Structure formats: C-alpha cells, structure tokens
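> Residue numbers (the working numbering), protein chains in the order written: chain V, 1 to 200; chain S, 1001 to 1200. No residue lacks a Cβ here, since even glycine has one placed at the ideal position from N, Cα and C. Note that the structure is predicted; figures quoted are calculated from it, not measured.
2 protein chains.
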Amino acid sequence: MKSSRSKRPARKKDAGATREAILVAAREAFTRLGYDGAGVREIAAAAGANPALVNRYFGSKEALFEEAVPTAFEIAPLLPEARQGFAEALARYVLTKDKAALGGFDATLAMLRSVGNPKATELMREGLEERFVAPLADWIGEPDADVRAALFMALLSGVAVMRDVMGVAPLRGDVERTVRWLTPLLDALVAPSGKTGGST
Amino acid sequence: MKSSRSKRPARKKDAGATREAILVAAREAFTRLGYDGAGVREIAAAAGANPALVNRYFGSKEALFEEAVPTAFEIAPLLPEARQGFAEALARYVLTKDKAALGGFDATLAMLRSVGNPKATELMREGLEERFVAPLADWIGEPDADVRAALFMALLSGVAVMRDVMGVAPLRGDVERTVRWLTPLLDALVAPSGKTGGST
DNA sequence: CCGGCCTGTCAACAGTCGTTTACATGAGAG
DNA sequence: CTCTCATGTAAACGACTGTTGACAGGCCGG
C-alpha cells in the first residue's frame, strides 16, 4: 500500500521517454501477436501510457508499425568477413534464437505474423529488400546474387514460420541434427558458384 | 430488368449447395485475405448467401476455417514414383502456380496469410504435420527423414511467402533462373543420403 | 390441396477496433 | 509565485466484428 494516490506516474512527464516506451512495447506486441492481433490499447498499457498518446506521437497504428518493424530488418551486422562457417552460424542462429532476448522483439517473427495484413506487407516490402536482400546480394557478389539472396531469406523465413509460428515438431527437436541439414542448403546459396546450381 | 422481384434467388433452396458455395467462397477469401482479414459477411456475399447461414451450417467462423483450409493440405498427390525430376518439378510449380486456378484457392497462401491468428495456427498444425510433413518423410525414407521433410516444407513456404505475399522482386523475375537455384536445394533434401548433409 | 418443417432473411446484440476531441495536470519560464 | 504550454487523461465516436434469436418463405409429403 505504498501508493495512496489513485495513479502512480511511474515516469515523470517526458515525451521522449513515453514515445520510446510505446515503441518498445509495440515491437514486443507485434512480435507476439502480429499487426492485426496487437491493439493500440494493449500496446499503450504495456508501455504504461494512454492509448491516445500512440496517435499523438506516431499519428496512427500504421505509422507506428512502419517505424517499429521494417526499420529493424538488418542483415548487415550478420555478414562476416570470412565466408567460412557463415552458413552454419546462421543456421544455428535461427534454430536457437530466443525471443526473450532484446525485450521479446524479433523482426522476422513480427513480419511473419503480420503478412496477413496488406498494409503491413506493403510497409515491410521496401525495408526487406533494401535492408536484407540487397545487402546480402552485394555480399554474395556472384552471378544470380539477387535470386540467391532472395532464396536465402526465403529459407530462413520458412524455417522460422514452421518452427516458431506453426510449431512443426521435427524443427523443435535436436538442433544439431537440423543444423546438419540446413547448413549445406544455406551454404550452396552463398558459396562461390560452380559447386551447385547455376549450370543448366 | 428481367427481375421485378427485389430478390433473385439465383439458387433454389438447397442446403447442400449453399453449404458448398459458402465453403468455396471461404477458401477463396481465406487465400486472399487470411483468417482475420476475411469476414463472414464478405464470404456469405461471395457465396450469394446470408451471413447467418455460415453459423447455421458450420457453427462458427473458426469451424468453417477448420473445414476449409487444414483439410486441403495434401502432398500425397505430388509424390511421384520416380524421384528423378521431382525436385525440379516442385520448384517450377511453386514459382509458377497461379492462384486463379481452382477458384482462387491456395492452401499454402491461406495458411501463410493466417499465421498471425493463434486459433488458425492451432487448427492448421495437425493438418500440416499429418498431411504434408509425415507423408513426405515416409516417401523420403532416409535417415533424418522427419527433419528433411520439415525443411522441405519450410523452403517451399518461405518461397511462397517471399514471392506471393511479400512480392520480393528477384523471385518474381525469370522463373528458369530461380528454378536453377531452388532445384538443388530441394533435391538435397529428398535425394538418397551421402550426397549432402548428414555427415559429421 | 394443405400443413409442417427446412431454408433463408432480417435486425439486433455485445464487444472491439482505431481514432478524435475536450479536458485536467504538472513542470518549467519569466 | 504565477502564467503557460507541453504532457497526460478520460470519454466518446463511428465503424466494424462474430454471433444469435425471432420471423418469413417456399418446398414436399401427406
């Protein structure tokens, strides 16, 4: 009973901090529930803010989503200098990533759970191509790099959908066994050409 | 002005036909808009029926979805006797399939656009495992068949998401060029072991 | 031909959604 | 201290959602 007042601010009047709290809460909610499933009231409550402030600081739920999710697509930090072991490292990453890290935010999951909404997909397409496919294609630097990068992203997304969203059993089992089969697939897309594909 | 009456039945009273019309309209709507995006009023209107009939014949929107989508997952018909050319045929299929066929119904697209809704994913998981992953694993009949089948489905779903839902550019371009890179990936998962993966 | 029941219609319910407006409050400037 | 404006609150709007109950219509068996 430490609060006799009906409202405990928990945060003094600070527009910047409130805006940031809403943004963080939105990322978590979009990751867990998708664009349609996450409501502004729920997001605001998780941020300890009033629902009306969402519209005041972001204009609309659509604009909030646009700022929260598509800008978070980032493949660049994952591109190492050495190509050796890159495929396996990424395979192990998608199979073990814990959404509890980084405050429950996972851009890939937020994307996948929001693909049902046409406005959300429209907002994500540009970010996906510019921040994921294009940099990856540049990094591959081989013939058909654009197609290979797109297939790379498709494979990662597909695994995420089956494992984290649909909960398909075999992908939730032994990680090492799955890594052993996923790695060569990813590697074939990023490795220097001539080994697989490309020829007739 | 051939109809002076305010309502033209367009179909005489026939419970079975009405039920079937709703089912067909629901499949098309779920494919195009996903579980959340497709409304019962819209489905009923497309079927030329009254919205209340949806609940009368199916019980609820959830039950309608359960009967319309998860039962349509079917890999069995696509499993040929000969393994030769199977991967390439399936690769070409996912890259050229036209949703206009079969009345605009595509079970994979309906699934992907509905993954944002937890009730929908719950209803689809069983059908997906029993009607797609398990039969495919049996057909592969190799060590780690379950993981390989799951990755196979993940790859196909990922391509569908990136190409048909997100509209990623490289996957909408030259089909043959994409087939050339997608085929060996699928082939590695269904081909007799020893060629790729499984070792170490 | 006629009554009963299956089929279809209509309207409304209760709830949620994003959004907006009017109002209260508190912190900092003069 | 006091005025003032940014910040936060409260309530309601209009539009939707899935669902249900009461009612009408027509087809078929008697």
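Is there at least one Cβ from chain V nearer than 8 Å to Thr1031(S)'s Cβ?
With 8 Å as the cut-off, Thr1031(S) does not count as an interface residue toward chain V.
> Just the chain V side, please: which residues come within less than 9 Å of Ala1100(S) by C-beta, in chain order?
Within 9 Å Cβ-Cβ: nothing; Ala1100(S) doesn't reach chain V, min ~18 Å.
> Give me the Cα-Cα distance between Gly1048(S) and Arg1113(S), rounded to the nearest whole angstrom.
C-alpha separation (whole angstroms): 24 Å.
> Please list the residues of the stretch 1075 to 1087 of chain S that have a C-beta atom closer than 9 Å to any C-beta atom in chain V, keeping them in chain order.
Residues: none.
> Assign Gly966(S) to buried or exposed, taking buried as 16 or more other Cβ atoms, counted over all protein chains shown, within 10 Å of its Cβ.
Since the first and last residues shown for chain S are 1001 and 1200, residue 966(S) lies out of range.
> Just the C-alpha distance for Asp1106(S) and Arg32(V), rounded to the nearest angstrom, thanks.
Taking the straight line joining both Cα atoms gives about 26 Å.
> Please classify Glu71(V) as buried or exposed, where buried requires at least 16 other C-beta atoms within 10 Å of its C-beta.
In the sequence as presented, Glu is not what sits at residue 71(V); that position holds Thr. Its Cβ having fewer than 16 others within 10 Å, Thr71(V) is exposed.
> To the nearest angstrom, how far is the alpha carbon of Pro80(V) from that of Ala87(V)?
C-alpha separation (whole angstroms): 11 Å.
> Would you mind telling me which residues of chain V sit closer than 9 Å to Thr1108(S), beta carbon to beta carbon, in chain order?
Neighbours of Thr1108(S) on chain V: none; closest Cβ ~11 Å, over 9 Å.
> Which word fits Asn50(V), buried or exposed, when buried means at least 16 other C-beta atoms lie within 10 angstroms of its C-beta?
Asn50(V) is exposed by the Cβ-count criterion.
> Restricting to Cα atoms, I'd like to know which of Pro77(V), Ala68(V), Thr121(V), Leu95(V) is closest to Val1165(S).
Closest by alpha carbon: Thr121(V).
> So which residues of chain V does Glu1129(S) contact, with C-beta pairs closer than 7 Å?
Neighbours of Glu1129(S) on chain V, chain order: Val168, Ala169.
> Please tell me whether Gly116(V) has its Cβ less than 8 Å away from any Cβ of chain S.
So yes, Gly116(V) belongs to the interface.
> Among Leu1171(S), Asp1144(S), Lys1012(S), which residue has its Cα nearest to the Cα of Ala134(V)?
Cα-wise, what sits closest to Ala134(V) is Leu1171(S).
> Within 10 Å of its beta-carbon, does Glu74(V) have 16 or more other beta-carbons around it, so buried, or fewer, so exposed?
Classification for Glu74(V): exposed.
> Under the rule that 16 or more other beta-carbon atoms within 10 Å means buried, what is Ala17(V), buried or exposed?
The residue in question, Ala17(V), is exposed, as its Cβ has fewer than 16 Cβ neighbours within 10 Å.
> Within a Cβ cutoff of 6 Å, which residues of the same chain sit near Ala1137(S), ignoring the five residues on either side of it in sequence?
Answer for Ala1137(S): Ala1145, Asp1146, Ala1149, listed in chain order.
> For Pro1192(S), does the count of other Cβ atoms within 10 angstroms reach 16, so buried, or fall short, so exposed?
When all chains shown are included, Pro1192(S) counts as exposed.
> Along the stretch 1057 to 1074 of chain S, what residues have a CB closer than 7 Å to any CB found in chain V?
If the cut-off is 7 Å between Cβ atoms, the stretch 1057 to 1074 of chain S has nothing near chain V.
> In terms of residues, what are the limits of the alpha helix (DSSP H) holding Ser1157(S)?
It spans 1145 to 1160 - the alpha helix (DSSP H) in which Ser1157(S) sits, taken as one unbroken run.
> Taking CB distances under 8 Å as the criterion, tell me whether Leu90(V) reaches chain S.
No - not a single Cβ of chain S is within 8 Å of the one on Leu90(V).
> Is any beta-carbon of chain S found at less than 8 Å from that of Ala154(V)?
By this cut-off, Ala154(V) is an interface position.
> If you drop the 5 nearest sequence neighbours on each side, which residues of the same chain put their C-beta closer than 8 Å to that of Ile22(V)?
Cβ neighbours of Ile22(V) beyond the five flanking positions: Ile43, Ala44, Ala47, Ala49, Leu53, Val54, Tyr57, Phe58, Leu64.
> Under the three-state reduction of DSSP, which class applies to Thr200(V): helix, strand or coil?
Annotation note: pLDDT 43 at Thr200(V) (below 50); position unreliable, no value reported.
> For a minimum of 4 consecutive residues, which ranges assigned as the alpha helix (DSSP H) are wholly contained in the stretch 1009 to 1044 of chain S?
You should have 1015 to 1037.
> Work out the CA separation of Ala1169(S) and Met1124(S) for me, nearest whole Å.
Cα to Cα, Met1124(S) sits roughly 29 Å from Ala1169(S).
> Restricting to Cα atoms, I'd like to know which of Leu90(V), Lys13(V), Gly141(V) is closest to Ala160(V).
For the residues Leu90(V), Lys13(V), Gly141(V), the minimum Cα distance to Ala160(V) belongs to Leu90(V).
> With a CB to CB cut of under 6 Å and the five nearest residues on each side skipped, what residues in its chain are close to Pro1118(S)?
Cβ within range, chain order: n/a, list empty.
> Tell whether a beta-carbon distance below 8 Å holds between Arg92(V) and Val179(V).
Contact flag set, yes.
> Which residues mark the beginning and the end of the alpha helix (DSSP H) in which Lys1061(S) is found?
Element bounds for Lys1061(S): 1061 to 1068.
> The alpha helix (DSSP H) spanning Leu1128(S) covers which residue range?
Per DSSP, Leu1128(S) belongs to the alpha helix (DSSP H) from 1118 to 1128.
> Give the single residue among Thr1096(S), Leu1151(S), Leu1156(S) whose Cα lies nearest to the Cα of Leu95(V).
Checking every option, the nearest Cα to that of Leu95(V) belongs to Leu1151(S).
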